[in-house]
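Residue numbering for the sequence shown follows this note's numbering, beginning at 42 and increasing consecutively.
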Amino acid sequence: MTFSANSLKILLAAGLLLAGTAVAAQESAGTGQEMYNKLCSGCHSASPAAMKGKPVDSLVAGMERVKNLSNATGAAARMQQTVQSLSPAQVKDIATYLNQMK
C-alpha cells in the first residue's frame with residue numbers, strides 16, 4: 042500500500058488531533074478528581090460504584106437535574122448547593138473523572 046504526501050499529512054494531522062484530545066481528557070479527569078475528592082467523596086465515597094464508567098453526558102445531566110431541583114431537602118439540598126457553585130466546565134471535569142474510573 043502506498044500513500045501520497047498529502048495522505049501522509051492528513052494521517053499525521055489526524056493522529057496529532059487524537060493525541061491532543063486524549064491529553065485534554067486526561068487533564069480534565071485530573072482536575073475532576075481533585076474537585077470530586079474535595080466536594081463529593083464525603084457523601085458519595087472515594088469510589089462510587091453507581092457512577093464509575095458512566096457516560097460523561099449522563100453524569101452531567103444528573104448533576105444538572107440536581108442543580109435545578111425545586112424544594113430540595115437534606116442531602117439533595119447540600120448537593121444542590123455544591124453543584125450550583127460549579128461552572129459547566131467543572132461539572133464536565135468531575136463527570137470525565139467519574140467516566141474514567143474503573
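A virtual CB, placed ideally from N, CA and C, is assigned to each residue, including glycine.
Could you please give the first and the last residue of the uninterrupted alpha helix (DSSP H) stretch that includes residue i?
i           : result
alanine 90  : Alanine 90 -> no alpha helix (DSSP H), and no H or E assigned at all.
alanine 117 : 115–125
Does DSSP classify residue i as helix, strand or coil?
i              : result
methionine 104 : helix
serine 128     : coil
leucine 110    : coil
lysine 143     : coil
Rounded to whole angstroms, how far is the Cβ of residue i from the Cβ of residue j, which I believe are closer than 8 Å?
i             : j           : result
valine 107    : valine 124  : 5 Å
glutamine 121 : alanine 113 : 5 Å
cysteine 84   : alanine 117 : About 10 Å separates the two Cβ atoms, so there is no contact after all.
Among residues of its own chain, excluding the 5 on either side of residue i, which ones have a beta-carbon nearer than 7 Å to its beta-carbon?
i          : result
glycine 94 : Asn140, Met142, Lys143
Note down, in chain order, each residue of its chain lying with its Cβ closer than 6 Å to the Cβ of residue i, except the 5 sequence neighbours on either side.
i            : result
alanine 136  : Val97, Leu100, Val101
threonine 72 : Asp134
Please go through the same chain and pick out, in chain order, the residues whose beta-carbon is closer than 8 Å to the beta-carbon of residue i, but skip the five residues on each side of it.
i            : result
threonine 62 : Model confidence at threonine 62 stands at a pLDDT of 46, short of 50, so the residue's coordinates are unreliable and nothing is read from them.
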